[in-house]
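Residue numbers (the numbering used here): 2 to 413.
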Ligand SMILES: [Zn+2]
């Protein structure tokens, strides 16, 4: 029986969002949280982008150390041989890749401006797949950008060519959020049945249907006999109106009427990490969680009207579909209301030792404390906002990895 997996693309599609971004340390923490949550894969960045190189290498080291296990760390590149070569030159340890190319007539005419035909698209893609495999890629996903505006027959031809060259998955990209649950179901089911490869479902929210389209697409893949890999971002952060929200989609797949019984998850997800990951992404991006956000919004479990309050007090199931505890909510939060010492880019050793001491971190000697403080200062220079406890703990625990994350070497 085929199953549903999650590939979170916050660290790739999410950070492409206009006016937003993440530091390399923040991206690393997101990979750690996704791993703790049981997410199958994090699309962790851009292997051909120079300023990502050390971050990507450092995260692959964390994987080797067992810190980022069992999550897959996947890179995103264009489906052209030169990108594959650059990726493996800059990040030799990369093992999971998605290769992306536009497939719609709109893009072929409107973006490539007559320089590429449909057969060029297939040729570029299969050559890139061959090159990636030759360089040592273990899993290769092939992305059909703008798939929802692509002629279905061409998508089938594209997918069959990818399969023939050994691709593992096809990513169906509803790049503009144009699909609805009915159209994406039909398209993905046809692709699953005719191509015979696992399908990734990548949706955007331009028409407010990203989550609905994602579960309809997943149903299409499974009904067509293939595994479904839903692409998500934390809090739905993404270009324009955003991507498919991670937590809302987990809830939709597991809690909506009868869905989870027929369309099960491929691995168990720790939903109790939902609140933490949503809050961290909100803080790191500097984008508040909407109060009515499913599961993690401030009002997701708030009741005011008499009938609802009375009902929920008698039995929560009267007015709640799931419990706040399932999302890791309900623990008291420590908020400092008195004197506060913060570790930042201009901190001194005594304030820093005080901050770390509160988290029960002590140092062998003053030298070690000074070294960690120096890294904390640089991390704060990059983020320009107070570091959270998990960031400080990470820096103290993995100073060598942190040094790499914080090193940016402009073009040589
Ligand atoms: Zn996208």
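Even for Gly, the Cβ is constructed at its ideal location relative to N, Cα and C. Everything numeric in this text was worked out from a predicted model, so none of it was measured.
Inter-residue distance for residue 77 and residue 204 is about 16 Å (C-alpha atoms, whole angstroms).
Within the chosen limit of 7 Å, ligand 1 does not reach the beta carbon of residue 178 with any heavy atom. Residue 45 sits in a strand when the DSSP states are folded into three classes. Going by beta carbons, residue 234 and residue 389 fall outside the 8 Å limit. Judged by DSSP in its simplified three-state form, residue 31 adopts helix.
Annotation for residue 244 indicates a beta carbon within 7 Å of some heavy atom of ligand 1.
Within the chosen limit of 7 Å, ligand 1 reaches the beta carbon of residue 240 through at least one heavy atom. For residue 400, the closest C-alpha among the options 411, 384, 385 and 378 is that of 378. Rounded to whole angstroms, residue 111 and residue 176 show a C-alpha spacing of 15 Å. For residue 74, the beta-bridge partners assigned by DSSP are 43.
With fewer than 16 other Cβ atoms from the protein chains shown falling within 10 Å of its own Cβ, residue 93 counts as exposed.
The stretch 229–243 makes contact with the stretch 191–211, as at least three CB pairs between them are under 8 Å. By the CB criterion at 8 Å, residue 215 and residue 250 fall inside the cutoff. Relative to ligand 1, residue 9 has its C-beta separated by 7 Å or more from all heavy atoms. Within 7 Å of the C-beta of residue 84 there is not a single heavy atom belonging to ligand 1. For residue 229, the three-state secondary structure derived from DSSP is strand.
Our two residues, residue 68 and residue 35, have alpha carbons roughly 12 Å apart in a direct line. When the alpha-carbon of residue 49 is set against those of 22, 21, 79 and 72, the nearest one is in 79. In the same chain as residue 321, and ignoring 5 residues on each side of it, the C-beta atoms closer than 7 Å to its own belong to 302 and 313, in chain order.
Contact annotation: residue 242 and residue 178 have beta-carbon atoms nearer than 8 Å.
Under the three-state reduction of DSSP, residue 83 is assigned to helix. Boundaries for residue 16: no beta strand (DSSP E) harbours it, and the DSSP string shows neither H nor E there.
Taken through DSSP and simplified to helix, strand or coil, residue 309 comes out as helix. Between residue 55 and residue 398, the gap from beta carbon to beta carbon reaches 8 Å or more. Take the alpha-carbon of residue 324 and the one of residue 279: they are about 17 Å apart. Between residue 194 and residue 222, the alpha-carbon positions lie close to 8 Å from each other. Of all C-beta pairs linking the stretch 24–41 to the stretch 349–363, fewer than three are shorter than 8 Å, placing the two stretches out of contact.
Counting along the chain, the unbroken beta strand (DSSP E) around residue 101 starts and ends at 97–103.
Short of 8 Å from the beta carbon of residue 118, and not among the five residues preceding or following it, lie these beta carbons of its own chain, in chain order: 109. In the structure shown, the three-state DSSP call for residue 36 is helix. Relative to the non-hydrogen atoms of ligand 1, the Cβ of residue 207 never comes closer than 7 Å to any of them.
Judged by DSSP in its simplified three-state form, residue 218 adopts helix. Residue state for residue 293 is assigned as coil, using DSSP reduced to three classes. By the criterion of a C-beta distance shorter than 6 Å, residue 6 is surrounded in its chain by 41, 230 and 267, once the five residues flanking it on both sides are discounted.
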